[in-house]
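Quick notes on the structure that follows.
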Amino acid sequence: VIKNAKKGEYVLYVKGYRVVSDSQKYALCSNTFLSDTPLGGDVKEDNEEEDNSSNSGDNQPSTPLAPGNLEAFAIDDSRVKLRWVDNSDNEMGFKIFRDGKLIHITAPDVTSFTDNSLKSDTLYRYEVKAFNLQGDSAGVEVSVKTKPLREDENTGNTGNGGGDVSQNIIDKRVLEDAESKTANKWGLYDHIPWGYGKIENIYDSQKRSRVIRLSNSGFINHTSNNENGVGFLINRRFSDTKHKNIEFFVKSNSYFTIFLSVKTINKNNVYLTYEPSGFNKYHYNNPQREYVWISLGDISDGRWHKIDRDLNEDLKRAFPNDRVVSFELFLVRGDLSLDDIALFNTLGQSYVKSDNCSVFVNNCYRNILSRDADLEGKRYWESKLKRDMSATDVVQYFFESDELKSKNLNDEEFVRKAYKTILGREADMEGLDYWLGELKRGKSRRVLVYEFAFSKEFAEFCDKCDITNYKLSNQLESFIERLYSLILNRTSDPKGMDDWKRALLNKEKGALDIVKGFFNSKEFKEKSVNNEEFVKIAYRAILGREADREGLDYWKDLLDSKKITRDELLDSFLHSKEFKVLTQKYQIKI
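In this note's numbering, the protein residues as written are 20 to 609.
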């Protein structure tokens, strides 16, 4: 089928088949049917002079040029970053090999990659090649050694995003544990009248330990600039530059505020201000100091709660480009009990000097789940991104979490979240309409997330976060998931996905076999689709587009007249250039 043909003469070159005359829109060529197969030649407009030189066929596509200036450096004991220069303008992407084994395929124009899941203190050899349908370019190579494992490195049990987590806390500094049976560390500030307020060291039967009890504060009004009532503080300026996390236990049945005074790179005095469910704003400024408000949730219930905060992450809520230099003071307003107040560092802060992947994790929590990350969940996902998961794995987990499903998002809300989270921008109207149409035509939300994740924009975002955007396994899963979505009209089941993926990885089956397996499955045959719907599904699943009217009518007529079988139609589509491009994208053999 020649689509969108201009008026004029056509010179057609078809090797091995009789030439289609210019009076025909299509013709049968032997017993093999061609779908969207490019025909060589040019269109000569009525008012153009003939130029025979353009019909020589010499301008054949070529393999891309090799990338240049390949560099590699170790981020830490398990991650390596590669960078190179793109010297070609016709590549479909870049293949990355580690010690001779293909480990990743980038999108076009991407010039960096972060490899994780590596062994510490180990030398690795990397090779990068550009590729297109004509083949691979020459490769460029580089070797790099990962950093040694520090003595304090111990990943331990990192738990999961929603449950308890066992963390290695190192360099712990206890500020107050009440075991002295005194309250000598504490004092009052801003107490009006003088002497109002009570500080006690008592035994708490609920916690089964001694605790600090602060009462008679007279602190009722909790507006941001109110100084009424009594303030309590630990009587010491710590000026601690080493520890960037704090934990404590708190119990109260009324409103309270905890102020943590810190110095930062850009500011002399910032109060990280923690309250039960309350303020919606993050930042308040007065001439002497700045406040960053953080809600601790609905915890004024008379029970003990453990609070665990990353000071740098809390500071970033108002000042994204700032960092904590030192912890200074611990101050309190309100009636409450406190225990086991301690500064500490974990592996995340002490070992990885630049923890850029926390930006990615926070992005997932805020843009997908519409909330701040809990510290346990944040540390868990950071650890997985550094060790064995790709950013695509993590994004898919968040988008398929029970927490998000409970929100019952409509398609538009889902697509907007995907744009914001994966592409880092708001959806444009053209893009929004396109993806809403794709979902309406049967593409699943899971496939949409995969396709967003394979974009150049996502690769660039992951590069800034020093994490792997996707792995070969993600590409295989995406290819298979497309077939579930477009042919069977459902998402994959774990067993089915594993079986198909194993067959591809072990080279037991190629892409052609997998596609035919879906179309010839009992599940698909039981749908009893008519010939027109069959052609539409074949266009979407194999050629990656909607059927044009002429093509749809052509193939439907052939099926209706029994000139070809459905298997013969599939064979034609599966040997098209469009399907070859699709399989090259996923690096799956036909």
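C-beta atoms are modelled at their ideal positions from N, C-alpha and C, and glycine is treated no differently.
Task: Complete runs of the beta strand (DSSP E) confined to the region 459 to 521 [at least 3 residues] - done: For the region 459 to 521, not a single whole beta strand (DSSP E) run of length 3 or above is found.
Task: Residue from R465, G443, R352, D532 with nearest C-alpha to S420 - done: Check the Cα spacing between S420 and each of R465, G443, R352, D532: the tightest is with R465.
TODO: Determine contact between the region 348 to 360 and the region 266 to 273, defined as no fewer than three beta-carbon pairs at a distance below 8 Å.
DONE: These segments touch.
TODO: Whole angstroms is fine: what's the gap from G443's alpha carbon to E431's?
DONE: Rounded to the nearest angstrom, the two C-alpha atoms are 17 Å apart.
- [ ] Check the DSSP bridge columns for L121 and list the partner residues they point to.
- [x] In DSSP, L121 forms a bridge with F116.
TODO: Locate the alpha helix (DSSP H) running through W574, then write down its first and last residues.
DONE: Counted as a single uninterrupted DSSP element, the alpha helix (DSSP H) harbouring W574 occupies residues 568 to 579.
Task: Endpoints, the alpha helix (DSSP H) within which R435 is located - done: Counting along the chain, R435 sits inside the alpha helix (DSSP H) bounded by residues 430 to 437.
Open item on the list: Taking the alpha carbon of N382 as the reference point, which residue from L423, S463, I441 has its own alpha carbon closest?
Closed with: The residue from L423, S463, I441 with its alpha-carbon nearest to that of N382 is I441.
Task: At least 3 beta-carbon pairs within less than 8 Å: the region 315 to 323 vs the region 256 to 272 - done: Touching, per the Cβ criterion.
- [ ] Check whether the region 133 to 148 touches the region 89 to 108, taking contact to mean three or more Cβ pairs, one atom from each stretch, closer than 8 Å.
- [x] A contact exists between the region 133 to 148 and the region 89 to 108.
Open item on the list: Considering only their Cβ atoms, is the gap separating K520 from I506 smaller than 8 Å?
Closed with: For I506 and K520, no; Cβs fall outside 8 Å.
Task: Option in Q415, S377, S389 with minimal Cα separation from W400 - done: Looking at the Cα atoms, S377 is the closest of the given residues.
Task: N- and C-terminal bounds of the beta strand (DSSP E) containing K546 - done: For K546, there is no enclosing beta strand (DSSP E), since its DSSP letter is neither H nor E.
Open item on the list: Once the 5 residues before and after V342 are set aside, which same chain residues still bring their CB inside 8 Å of it?
Closed with: Checking the sequence shown, residue 342 turns out to be Arg, not Val. T283, I284, N331, L334, listed in sequence order.
Open item on the list: Any contact between the region 543 to 555 and the region 485 to 502? By contact I mean 3 or more CB pairs, one from each, below 8 Å.
Closed with: No: fewer than three Cβ pairs fall under 8 Å.
Open item on the list: Could you tell me the alpha carbon to alpha carbon distance between Q225 and L523, rounded to whole angstroms?
Closed with: Rounded to the nearest angstrom, the two C-alpha atoms are 57 Å apart.
TODO: Report the partner residues of G563 according to the DSSP bridge assignment.
DONE: Per DSSP, none; premise fails for G563.
Task: For S139, the three-state DSSP class (helix, strand or coil) - done: Coil.
Task: For I94 and S595, the rounded distance between their alpha carbons - done: Approximately 43 Å, taken between the alpha carbons.
TODO: Can you say whether G396 is buried or exposed, counting buried as having 16 or more other CB atoms within 10 angstroms of its CB?
DONE: That one is buried.
Task: Buried or exposed by the 16-neighbour rule on C-beta atoms within 10 Å, applied to M448 - done: Flag for M448 reads exposed.
- [ ] Quick one: residues in its chain with C-beta nearer than 6 Å to the C-beta of K325, no 5 flanking neighbours on either side, listed in chain order?
- [x] Correct list, in chain order: F268.
Open item on the list: Along the chain, where does the beta strand (DSSP E) containing D329 start, and where does it finish?
Closed with: For D329, the uninterrupted beta strand (DSSP E) run begins and ends at 324 to 329, by DSSP.
TODO: Examine the Cβ distances between the region 475 to 485 and the region 121 to 128 and report whether three or more of them are shorter than 8 Å.
DONE: At 8 Å Cβ cutoff, the stretches touch.
Task: Beta carbon proximity, W323 to chain C, threshold 8 Å - done: Structure shown: chain C not included; a single protein chain is present.
Task: Proximity of S504 and D358 at Cβ, strictly below 8 Å - done: No, the Cβ-Cβ distance between S504 and D358 is not below 8 Å.
Open item on the list: Considering only the alpha carbon of each residue, which of Q606, K148, L142, Y143 lies closest to N109?
Closed with: If we check each option's Cα against that of N109, K148 comes out closest.
Task: Contact belief for L89 with V193 at Cβ below 8 Å, rounded distance in angstroms - done: 49 Å between Cβ atoms; not a contact.
Task: Beta-carbon contacts of F417 that lie in its chain and below 6 Å, excluding the five residues immediately before and after - done: The beta carbon of F417 lies closer than 6 Å to those of C383, I387 in the same chain, with the five residues before and after it left out.
Open item on the list: One question on the structure: do F537 and L502 come within less than 8 Å of each other, judged by their Cβ atoms?
Closed with: Yes, Cβ-Cβ distance for F537 and L502 is below 8 Å.
Open item on the list: Tell me the residue span of the beta strand (DSSP E) that contains A410.
Closed with: It is not in any beta strand (DSSP E) - A410 instead sits in the alpha helix (DSSP H) that spans 410 to 418.
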